[in-house]
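One structure below.
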Amino acid sequence: MKSPKRLSGEAGYSLLEMIIVLTLMALVGAVLTMTLHRREASPRDVARQVAGAARTAAARAIATGRSSVLHVDLAGRSIGIDQDPAIARIPASYSVFMTAAEHPVNAKGTGTIEFFPDGSSTGGEVTVGAPNSGQFVVRVFWLTGEISTRRAP
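Under the working numbering, the first residue of the sequence shown carries the number 1, and numbering increases by one thereafter.
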């Protein structure tokens, strides 16, 4: 019985190839770990979430033909729309303020901005900030219901 011939140099992986593969696997693992353990949302991210919730409320009012309300719970640190009480959270370390013309913040620490089927709203501003990241303002213009986000001066 003859044993199969081995060709020299083709019988496996070199040490260098193994080191390269292991290094690549470690890099991929590190990137995945960093992605899974995301940092706390920045004030800009939270302001974008508030603006997104306001746009959803405005679109809902236009689509259904009934007014829709954006709730800003300053005490509970959450943003809600109509009966959805907490579609976004505000980190405890962030400051949050609200100014609303028609519906001022109540004794429970909740303010609202109402959106109407014609596209208008009661208007208001929500300011989100952190000590080292600055403040961002979400402004809802009452006449047109236009929603904008900007860095506070």
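In this text, a Cβ means the ideal position worked out from N, Cα and C, and glycines have one as well.
Item	Value
Residues bridged to M98 (per DSSP)	V126
Secondary structure, beta strand (DSSP E): runs of 3+ residues fully inside the stretch 48–83	68–73 and 78–81
For E114: DSSP bridge partner residues	V69
Segment contact, 8 Å Cβ cut-off, at least three pairs: the stretch 144–151 with the stretch 73–91	no
A100, buried or exposed, once every other Cβ within 10 Å from all chains shown has been counted against 16	buried
Buried versus exposed, by CB contacts within 10 Å (16 or more), I81	buried
Expected contact under 8 Å - CB spacing of K108 and A75 to nearest Å	6 Å
Secondary structure of I147, DSSP reduced to three states	strand
CA-to-CA distance, T112 to V69, given in whole angstroms	6 Å
Alpha carbon of A54 to alpha carbon of V140, nearest angstrom	8 Å
Simplified DSSP state of P85, which is helix, strand or coil	strand
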